[in-house]
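**Q** Let me give you the structure first, and then I'll get to my questions.
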Amino acid sequence: MWKVISDYFSSYPSQAKVARVILKNGMSVRNGRVYSGKVSISDTALARAAGVDRRVVRSAVETISADKQLSSFFAHLLPTANFKDVASTMGWGAIEILSDDAHQTGILSDIATIISEAGISIRQAIVDDPETTEAPKIFIITESTVPPEMLPRLRSAKGVKSLTIY
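If you read the sequence shown in the numbering used here, its first letter stands for residue 484, the second for the next number, and so on.
Shown next as structure tokens:
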């Protein structure tokens, strides 16, 4: 979808910055406003995050709202909590995977199989979109910490370039 969005905003690079921030943060655009879940986000706060003037935010929201496909897409986005940074506090495991080819199929499947075979439950899996992120990563949060003896198997899984355990 980022290709469609990027093409649409090709004449408006500042508005494209705003659209990217909205998309990356799972914010939605409904009724001429930007929301994170049910919380309304001010144009000024979004402008600071995107590094643009607040009037550019207003223009981007109007542009999105005026196009049927963009409006439908942005209206249905939802924010997602990423438990990576709180996993250790909760006694969970956290694995960050950088792929050598984020478009390759089966990467998450191979990792999940290895974790499952070790008898560890997965609480959360979040995959960065390779279209919106320069170096997309896979974050897997496990019910318990990952034992060190699993590392060689995880590193040898399909598509894994590097792996970090938290």
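Ideal Cβ placement from N, Cα and C applies to all residues, glycine included.
For clarity, every value in this text was computed on a predicted model and none was experimentally measured.
Suppose you measure from the CA of alanine 502 to the CA of serine 627; what does that come to, to the nearest Å?
**A** 37 angstroms
**Q** Can you have a look at valine 522 and say buried or exposed, based on whether 16 or more other CB atoms are within 10 angstroms of its CB?
**A** Around the beta-carbon of valine 522, fewer than 16 other beta-carbon atoms lie within 10 Å, marking it exposed.
**Q** Buried or exposed: which applies to serine 511, given that a residue is buried once 16 or more other Cβ atoms fall within 10 Å of its Cβ?
**A** buried
**Q** Just the Cα atoms here: how many angstroms apart are alanine 564 and leucine 634?
**A** 26 angstroms
**Q** Would you mind stating whether leucine 529 and threonine 615 have Cβ atoms separated by less than 8 angstroms?
**A** no
**Q** If you check the beta carbons only, do glutamine 498 and threonine 546 fall under 8 angstroms apart?
**A** Between glutamine 498 and threonine 546, the gap from beta carbon to beta carbon is short of 8 angstroms.
**Q** Who are isoleucine 505's beta bridge partners in DSSP?
**A** DSSP, once it has assigned bridges, lists no residue as partnering isoleucine 505.
**Q** As a quick exercise: from Ser548, Ser525, Val517, Leu561, pick the residue whose alpha carbon is nearest that of tyrosine 491.
**A** Ser548
**Q** Would a C-beta distance cut-off of 8 angstroms place alanine 577 and alanine 585 closer than the cut-off?
**A** no
**Q** Among the residues of its own chain, which have a CB less than 6 angstroms from the CB of isoleucine 590, if the five just before and after it don't count?
**A** Ser582, Lys641, Gly642
**Q** Which whole-angstrom value is the C-beta distance of isoleucine 605 and isoleucine 623, which I expect to be below 8 angstroms?
**A** 6 angstroms
**Q** Cutting at 8 angstroms between CB atoms, please list the residues of its own chain near glycine 515, excluding the five before and the five after it.
**A** Val544, Glu545, Ser548
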